[in-house]
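Below is one structure, written out as structure tokens; the observations come after it.
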Amino acid sequence: MKLEREDFDLTCIEMAKFLLGKFLVRKLEDGTILKGKIVETESYLGRLDKASHSYGGRKTPRNEPMYMSVGTAYVYMTYGIYHCFNISSKEPGAAVLIRAVEPTEGLNHMHKLRLKAMKSRNLSKIFKDSELCNGPSKLCMSLNIHKEICNKLNLLDNDILWLENPSENLDFDIVPAKRIGIDSAGEEWAMKPLRFYIFGNTFVSKRDLEAEKSIKLPK
DNA sequence: TTTTAGATCGTCT
DNA sequence: GACGATCTAAAAT
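First residue of the first sequence: 804, per our numbering; consecutive thereafter.
This is the structure:
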């Protein structure tokens, strides 16, 4: 079942946790459905957050979706080659980065897309299922999420990219961990536990063993 | 297994 | 002109 607007009026940190276990669905132009469970997210809080594109209240053409209505996709290019996919939250300038997804439908197609997006010509490379979407740019490759089509889409509003509730209630523990790849923002903000992932899930991009020590172990 | 270098260009200063 | 909310392949340990 698709997520409704009233499910979704969440602050950045609330949303980062809320999205874990939800399904991300991408419908391609030919009608192919690609689907996966969100297993890892990161909060970018906005004007106070030194690691956020909207730090200090910066507003540019690129980060405009961070200021748009809740559920707006913010897709940007990084390192000249890759994309990252975020979902805007309630507060102006804040968004949740989707860092990892556990693929559940359309795996063959994801494999093709992932291979196609790679610059290397090793066309016979076989990805493990766990390598398709275990990183913010990898999942953009595998789900064909890029700026031209997906940026500024509202996930509550369209038939290209949306979110669904799981069919049954999932039970899992959430690990709050430090974010990744933002050291240049300074130690204070780099250390904050604004990354969240499903404890024990093998599709996560990177575990934080220190952070996991504080999680109660499953019975 | 962990570390390092290089790719590559849109965006912002 | 400098720099990434990254990833891969190759080198080092």
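Glycine included, C-beta positions come from ideal geometry on N, C-alpha and C.
Using the beta-carbon count (16 or more within 10 Å), is residue i buried or exposed?
i	result
residue 938	buried
residue 1001	buried
residue 852	buried
residue 890	buried
residue 1022	Since pLDDT at residue 1022 reaches only 40, below the 50 mark, its modelled position is unreliable, and the value read off the structure follows with that caveat. Looking at its Cβ environment, which holds fewer than 16 other Cβ atoms inside 10 Å, residue 1022 is exposed.
Report yes if the C-beta distance between residue i and residue j is below 9 Å; otherwise report no.
i	j	result
residue 903	residue 1006	yes
residue 825	residue 841	yes
residue 858	residue 815	no
residue 845	residue 1004	no
residue 834	residue 905	no
residue 864	residue 875	no
residue 888	residue 959	no
residue 830	residue 999	no
residue 968	residue 862	no
residue 954	residue 879	yes
residue 873	residue 823	no
Thinking residue i and residue j are a contact (beta carbons under 8 Å), I'd like their distance in whole angstroms, please.
i	j	result
residue 917	residue 940	Rounded, the Cβ-Cβ distance is 11 Å, inconsistent with contact.
residue 993	residue 981	6 Å
residue 901	residue 827	7 Å
Query - Contained alpha helix (DSSP H) runs [length at least 4] in the region 865-916, N- to C-terminal order - result: none
Query raised in the report: When the Cβ atoms of the region 904-919 are set against those of the region 961-977, are three or more pairs found closer than 8 Å?
Result: No: the two stretches stay apart, fewer than three of their Cβ pairs being nearer than 8 Å.
Report task. Please list the segments of the beta strand (DSSP E) lying wholly inside the region 942-994, counting only runs of 3 or more residues, in order along the chain. Result -> Fully enclosed beta strand (DSSP E) runs of 3 or longer: 964-967, 977-980.
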